[in-house]
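Have a look at the structure below, then the notes.
In UniProt numbering, the protein residues as written are 1 to 326.
Now the structure itself:
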């Protein structure tokens, strides 16, 4: 991604004479005094029309009412599911139970040792009482999955259910009363960012689109930071891309909440910003994307996620010719 940005440098700057000074040029999609956030969106999020071609008049009342009804998710910090003696309590608090008969699996996207990720259809009832189908992603456990795998599966659902942001994957519901246990999320057309970039590596993405991808990831991670939450595994493979090129943070298997730190910064920042998570036992970590202090001291903070974001933004596999041990 960084190489693509550099290759477009000539579109943004030109060398002025021999004095080595650069002068900014007007980039065709960016107008003066416009904020970068709206510019990098290729279309209006309210009506879908190309953003630079209109002034959107779509009423925002419905969206505002929806946010007012979800004030708990918007303003409360992350609750660690592992602090509950009975994990089903927090599962019931932050997830919606869905009937298995309403979920139809159409095809398998990927599989692992204990589960599968599928594309499917979810039958829902609209405000008029009519039943409609929507395309969803379904993560389901295989019958041979261990008890620990099932526990971790439900913990991940309890984590995802606490977040509500346009740049974080949205949990629609879970199926836990019947087998197989399933986790239903919104469907992301282009899959992982890693796969998406590899499929469009031949200059098919514009500079504005690349900036928009990074902006979406940054917004999602900023939201998680505000929720006192450390992801610990931020990488292009764990970011999903939808049909509007919106990036959403996913895969909360390694994520953890922030625990109190003995050190106080005294900076006036929210206290959880300086808190840290320390691993109790050795485990598998994404070493190439992990900050040095996290590797050496097993301490994770929001700064650790910032390091991982930098590695992701670079656009290349870190330490490409090195072994993990080295």
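A virtual CB, placed ideally from N, CA and C, is assigned to each residue, including glycine.
(1) Assuming residue 250 and residue 238 make a contact with CB atoms under 8 Å, what is their CB distance in whole Å?
(2) State the DSSP-derived secondary structure class of residue 41, mapped to helix, strand or coil.
(3) Determine whether the beta carbon atoms of residue 140 and residue 188 lie at a separation below 7 Å.
(4) How many angstroms separate the CA atom of residue 208 from the CA atom of residue 198?
(5) So for residue 25, helix, strand or coil by DSSP?
(6) Mapping the DSSP letters down to three states, classify residue 291 as helix, strand or coil.
(7) Look at residue 122 and residue 136 and say whether their C-beta atoms are less than 7 Å apart.
(8) Cα separation between residue 201 and residue 288?
(9) Compare the C-alpha of residue 92 against each of 322, 180, 175 and 124 and name the closest.
(10) Does the beta-carbon of residue 132 have 16 or more other beta-carbons within 10 angstroms, so that it is buried, or is it exposed?
(11) With which residues is residue 182 paired in a DSSP beta bridge?
(12) According to DSSP, is residue 128 part of a helix, a strand, or is it coil?
(13) Between the region 77-88 and the region 112-127, can you find at least three pairs of beta-carbon atoms closer than 8 Å?
(14) If the criterion is Cβ atoms closer than 7 Å, does the pair residue 340 and residue 286 meet it?
(15) Helix, strand or coil for residue 211, going by three-state DSSP, please let me know.
(16) Give every residue of the same chain whose Cβ lies closer than 6 Å to the Cβ of residue 26, excluding the five residues on either side of it in the sequence, and list them in chain order.
(17) Which first and last residues belong to the alpha helix (DSSP H) in which residue 311 is found?
(18) Name, in chain order, the residues that DSSP records as bridge partners for residue 247.
Put simply:
(1) The count along the chain shown starts at 1 and reaches residue 250 at position 250. The count along the chain shown starts at 1 and reaches residue 238 at position 238. Indeed, because the Cβ distance is near 6 Å, the residues count as touching under 8 Å.
(2) Mapped onto the chain shown, residue 41 falls at position 41. Low per-residue confidence applies at residue 41: pLDDT is 41, beneath 50, and the placement is therefore not dependable enough to give any value.
(3) Here residue 140 corresponds to residue number 140 of the chain shown, with the count starting at 1. Here residue 188 corresponds to residue number 188 of the chain shown, with the count starting at 1. The Cβ-Cβ distance between residue 140 and residue 188 does not fall below 7 Å.
(4) Here residue 208 is taken as the residue at index 208 of the chain shown, counted from 1. Here residue 198 is taken as the residue at index 198 of the chain shown, counted from 1. Their backbone Cα atoms lie some 18 Å apart in a straight line.
(5) Along the chain shown, read from residue 1 onward, the residue named residue 25 stands at position 25. Residue placement at residue 25 is flagged as unreliable, the pLDDT there being 33, under the threshold of 50; the coordinate-derived value follows with that caveat. DSSP places residue 25 in coil when its eight states are reduced to three.
(6) Stepping through the chain shown from its first residue, residue 291 is reached at position 291. Coil.
(7) Stepping through the chain shown from its first residue, residue 122 is reached at position 122. Stepping through the chain shown from its first residue, residue 136 is reached at position 136. The answer is yes: Cβ separation under 7 Å.
(8) Locating residue 201 in the chain shown gives position 201, counting from the first residue. Locating residue 288 in the chain shown gives position 288, counting from the first residue. Those two C-alpha atoms are separated by around 22 Å.
(9) The residue labelled residue 92 in the question sits at position 92 within the chain shown. Minimum Cα distance to residue 92 is reached at 175.
(10) Locating residue 132 in the chain shown gives position 132, counting from the first residue. By the neighbour-count rule (16 or more Cβ atoms within 10 Å), residue 132 is not buried but exposed.
(11) Position 182 of the chain shown, counted from the start, is the residue given in the question as residue 182. Its beta-bridge partners are 140 and 175.
(12) Locating residue 128 in the chain shown gives position 128, counting from the first residue. DSSP places residue 128 in coil when its eight states are reduced to three.
(13) Between the region 112-127 and the region 77-88 there are fewer than three inter-stretch CB-CB distances shorter than 8 Å, so the stretches are not counted as touching.
(14) The shown model of the chain, from 1 to 326, leaves out residue 340, and the question about it has no answer.
(15) By one-based count along the chain shown, residue 211 stands at place 211. DSSP places residue 211 in helix when its eight states are reduced to three.
(16) Here residue 26 is taken as the residue at index 26 of the chain shown, counted from 1. In this prediction, residue 26 has a pLDDT of 35, which is less than 50 and means its spatial position is unreliable; what the coordinates show is noted afterwards. Nothing meets the Cβ criterion.
(17) For the purposes of this step, residue 311 is taken as the residue at position 311 of the chain shown. 302-314 is the span of the alpha helix (DSSP H), which, as asked, contains residue 311.
(18) Reading the chain shown from its first residue, position 247 is the one you call residue 247. In the DSSP output, where bridge partners are listed per residue, residue 247 has 241.
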